[in-house]
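Below you'll find the structure, written out as structure tokens, and then a few comments.
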Amino acid sequence: MMRLSCLHSAKYFLGEVEHQYDDVDVFHSVLAEYGLPNMPKLFAWGGYRTSAKTIFEMAFESMQQTLAGAPIEPQEVDLVIICSSDFSPVDETLSYSQLLLSLGMERAFPMGVTVSDCANLLSVLDMAKQFIESGKYQHILLVTSNKIRDERHRFQDYALFSDGAASFMVSDKKALSEVPEDGLNIVDSQVNAHLQLKVAGEDIDDTPLFTTTAQQLMDRNHLTIRDLSKVFSNNLYMPVITLKEGSIGVSKTQLYLDNIARFGHCFSADSIINLVDYMACSTAAHGEYFALHSSASGLRAQVLLQACRD
424 MMRLSCLHSA KYFLGEVEHQ YDDVDVFHSV LAEYGLPNMP KLFAWGGYRT
474 SAKTIFEMAF ESMQQTLAGA PIEPQEVDLV IICSSDFSPV DETLSYSQLL
524 LSLGMERAFP MGVTVSDCAN LLSVLDMAKQ FIESGKYQHI LLVTSNKIRD
574 ERHRFQDYAL FSDGAASFMV SDKKALSEVP EDGLNIVDSQ VNAHLQLKVA
624 GEDIDDTPLF TTTAQQLMDR NHLTIRDLSK VFSNNLYMPV ITLKEGSIGV
674 SKTQLYLDNI ARFGHCFSAD SIINLVDYMA CSTAAHGEYF ALHSSASGLR
724 AQVLLQACRD
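Sequential numbering from 424 applies to the sequence shown in my numbering.
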């Protein structure tokens with residue numbers, strides 16, 4: 424039986440304390456170190472968020488919203504995949520089992536993913552799609568949660584970081600009693616690595632990696648980048664993300680850029696946060712294509728989505 428995976432009930436939680444970009448203690452020293460001009464409009468520097476909550480506590484806030492909006496019961500969730508670039512159990516007030524039990528998911532198997540950095544969440548989405556379409560599971564909850572533990576790392580030469588979490592459900596579409604308003608078909612996905620880039624650092628050109636990933640995904644589905652109504656990518660500084668995505672033909676008008684100035688880069692959560700905000704104020708037309716993009720040094724993940732109400 425042909426199974427179709429559906430992404431739905433996406434939600435997020437941002438740090439409860441709001442700041443402005445120049446509140447960062449190392450702001451001026453980072454400008455000096457990298458020779459960056461103090462031009463906030465050019466880079467889309469704006470606000471950022473911090474949280475006193477732990478990674479699991481932020482995950483709880485987001486997952487609770489996802490479960491509240493999903494047309495399934497918590498006990499129907501088969502698998503929960505928790506993504507974070509920095510698991511530090513010593514700081515957590517809840518264990519992962521307590522986290523899941525507190526949300527009513529007593530039969531969900533917990534899994535953790537960490538080494539893919541800001542590509543964590545979309546690489547897991549690639550895996551979840553395959554799990555669903557193999558028939559192994561019917562409902563998988565994905566969550567990512569991250570925070571900056573050392574404020575000296577808050578402001579980087581490529582992004583201003585916020586603390587936060589994002590979550591969503593991936594379901595077998597036939598197992599849903601109804602498809603939520605935000606439901607999108609997961610058409611296809613592609614993840615690639617060029618680990619020499621990760622070893623070498625940020626200065627190596629990652630255009631070939633981006634190009635290969637885009638070509639594989641688009642060619643397999645007989646589409647071009649121009650067929651995408653909107654692309655939801657990392658909230659890096661404006662010139663950085665428009666250059667990176669522009670290298671594979673994504674235009675500035677195709678990119679959802681509003682959240683760069685609102686709260687900056689929230690690790691691997693960006694593409695989902697951007698999708699949530701876009702869908703909250705837009706109505707997707709039947710058959711319309713969207714894409715989720717994320718990357719880290721030497722890593723690239725792209726997911727093709729389509730609006731379909733049948």
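Cβ atoms here follow ideal geometry from the backbone N, Cα and C, with glycine treated the same way. The structure presented is a predicted model; accordingly, all values stated were derived computationally and were not measured.
Neighbourhood of residue i by C-beta, 7 Å cutoff - its chain only, sequence neighbours within 5 removed
i: I696; result: Y435, A589, N682, C689
i: R530; result: Q498
i: P494; result: L599, S600, E601, P603
i: L522; result: F479, A482, F483
Extent of the continuous beta strand (DSSP E) run through residue i
i: G535; result: 532-536
i: Q725; result: 722-729
i: L565; result: 562-569
i: K559; result: From DSSP, K559 is part of no beta strand (DSSP E); its letter is neither H nor E.
i: L651; result: 651-655
i: V447; result: No beta strand (DSSP E) contains V447, which DSSP labels as neither H nor E.
Buried versus exposed call for residue i [16 or more other C-beta atoms within 10 Å across all chains shown]
i: P463; result: exposed
i: A703; result: exposed
i: Q561; result: buried
i: H617; result: buried
i: D650; result: exposed
i: V440; result: exposed
i: T537; result: exposed
i: K675; result: exposed
i: A455; result: exposed
i: K653; result: buried
i: N543; result: buried
i: K476; result: buried
8 Å contact criterion, which residue i and residue j should meet: CB distance rounded
i: R643; j: D605; result: With 8 Å as the limit, R643 and D605 do not qualify as a contact, their Cβ atoms being about 25 Å apart.
i: M534; j: L564; result: Rounded, the Cβ-Cβ distance is 11 Å, inconsistent with contact.
i: S717; j: L545; result: 5 Å
i: D693; j: N657; result: 5 Å
i: S594; j: I555; result: 7 Å
i: S539; j: A719; result: 7 Å
i: I478; j: N569; result: 7 Å
Beta-carbon contacts of residue i that lie in its chain and below 6 Å, excluding the five residues immediately before and after
i: I571; result: R577, F584
i: V726; result: L545, L548, S612, L715
i: G672; result: I648
First through last residue of the alpha helix (DSSP H) which encompasses residue i
i: E711; result: No alpha helix (DSSP H) contains E711, which DSSP labels as neither H nor E.
i: E574; result: Element bounds for E574: n/a, residue is neither H nor E.
i: Y457; result: 450-457
i: L427; result: Premise fails: L427 is in no alpha helix (DSSP H) and is neither H nor E.
i: P463; result: 463-466
Contact set for residue i: own chain, Cβ-Cβ below 8 Å, skip 5 residues either direction
i: S670; result: T630, F633, T634
i: L526; result: F483, M486, Q487, L490, P497
7 Å Cβ cutoff, residue i in contact with chain D
i: S474; result: As a matter of chain content, chain D is missing from the structure shown, which is built from one protein chain.
Which ranges would you report for the alpha helix (DSSP H) in the region 474-549 if only whole runs of at least 4 residues count?
478-492, 519-525
Kindly provide the ranges of any alpha helix (DSSP H) runs that are 4 or more residues long and lie completely inside the region 577-646, ordered along the chain.
618-623, 630-643
May I have a chain-ordered list of the alpha helix (DSSP H) segments no shorter than 4 residues that lie completely inside the region 668-704?
681-686, 693-703
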